[in-house]
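Visitor: Please find one structure pasted underneath; my questions will follow.
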Amino acid sequence: MGRHEESPALARSLGFRHAWTEETLPDLPFDAVVDASNAGHLPALALEVVQPAGRVVYIGISGDRSTIDTRTLLLKDVTAVGVLSASPALDATIAAYAGGAVDPRPLVAATVGLDRVGAVLAGERIEGAGPGPKTHVDPRTV
Numbered sequence: 001m002g003r004h005e006e007s008p009a010l011a012r013s014l015g016f017r018h019a020w021t022e023e024t025l026p027d028l029p030f031d032a033v034v035d036a037s038n039a040g041h042l043p044a045l046a047l048e049v050v051q052p053a054g055r056v057v058y059i060g061i062s063g064d065r066s067t068i069d070t071r072t073l074l075l076k077d078v079t080a081v082g083v084l085s086a087s088p089a090l091d092a093t094i095a096a097y098a099g100g101a102v103d104p105r106p107l108v109a110a111t112v113g114l115d116r117v118g119a120v121l122a123g124e125r126i127e128g129a130g131p132g133p134k135t136h137v138d139p140r141t142v
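To convert, note that position 4 of the sequence shown is 4 in the UniProt record's numbering; the numbers rise steadily by one, no gaps.
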């Protein structure tokens, strides 16, 4: 799910058939939801849209406080799991990149030097950046 239509459009261009914004999210039965966002209100939405006896995995973390209604969690018999560490999958991820099984290039909008990190963290979009959501930092350049 993307904030703006550009995000689901990018996902569809990469082969994902089901990609939406919050406004276009259909009323479908979701057996599982993975919340990888940093939006404070989306953990509650994930719990709302998952089916009874479903599973919600929270891997995103918001800069602001985010809450869920534990009554909903209990009454829907939902399993909720939080995962903060990517370390268990790091070796497999590196191997997938190195072996060519995963091509991260469509996700990288731009690569910047250390001199641009502040602007990127402040939300500035790099001129000439591609459609991908990621900006890489190359510490070898200034």
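A virtual CB, placed ideally from N, CA and C, is assigned to each residue, including glycine.
Computed from a predicted model, the values in this text were never measured in an experiment.
Near residue 25, which residues of its chain fall below 7 Å by C-beta distance, leaving aside the five closest residues on each side in sequence?
Guide: 1, listed in sequence order.
Visitor: If you pair each beta-carbon of the region 86-100 with each one of the region 110-119, do three or more pairs fall below 8 Å?
Guide: Segments in contact, no.
Visitor: With distances taken from CA atoms, which of 14, 4 and 142 is nearest residue 21?
Guide: Nearest C-alpha to residue 21: 4.
Visitor: Can you pull the DSSP bridge partners for residue 35?
Guide: Its beta-bridge partners are 58.
Visitor: When DSSP builds the beta bridges, which residues end up paired with residue 119?
Guide: Paired residue(s): none; residue 119 is not in a bridge.
Visitor: Apart from the five residues just before and just after residue 55, which ones in its own chain have a Cβ nearer than 6 Å to its Cβ?
Guide: Here the set comprises 32 and 79.
Visitor: What are the start and end residues of the alpha helix (DSSP H) that includes residue 93?
Guide: Where residue 93 is concerned, the enclosing alpha helix (DSSP H) stretches over 87-99.
Visitor: Quick check on residue 135: buried or exposed, where buried means 16 or more other Cβ atoms within 10 Å of its Cβ?
Guide: With 16 or more Cβ atoms within 10 Å of its Cβ, residue 135 is classed as buried.
Visitor: How long is the line joining the alpha carbons of residue 11 and residue 140, rounded to whole angstroms?
Guide: One C-alpha to the other measures close to 31 Å.
Visitor: Spatial neighbours of residue 43 within its chain, please: CB distance less than 7 Å, with the 5 preceding and 5 following residues excluded, ordered by chain position.
Guide: Within the same chain, residue 43 has close Cβ partners 35, 58, 66 and 68.
Visitor: Just the C-alpha distance for residue 9 and residue 76, rounded to the nearest angstrom, thanks.
Guide: Going by the C-alpha atoms only, they are around 32 Å apart.
Visitor: Straight-line CA distance for residue 47 to residue 93?
Guide: Computed Cα separation, rounded: 28 Å.
Visitor: Can you tell me which of the three DSSP states residue 52 falls into?
Guide: In the structure shown, residue 52 sits in a strand (DSSP, three-state: E or B).
Visitor: Let me check understanding here. Comparing Cα to Cα, which of 82, 52 and 122 lies closest to residue 71?
Guide: Comparing Cα positions, the closest option is 52.
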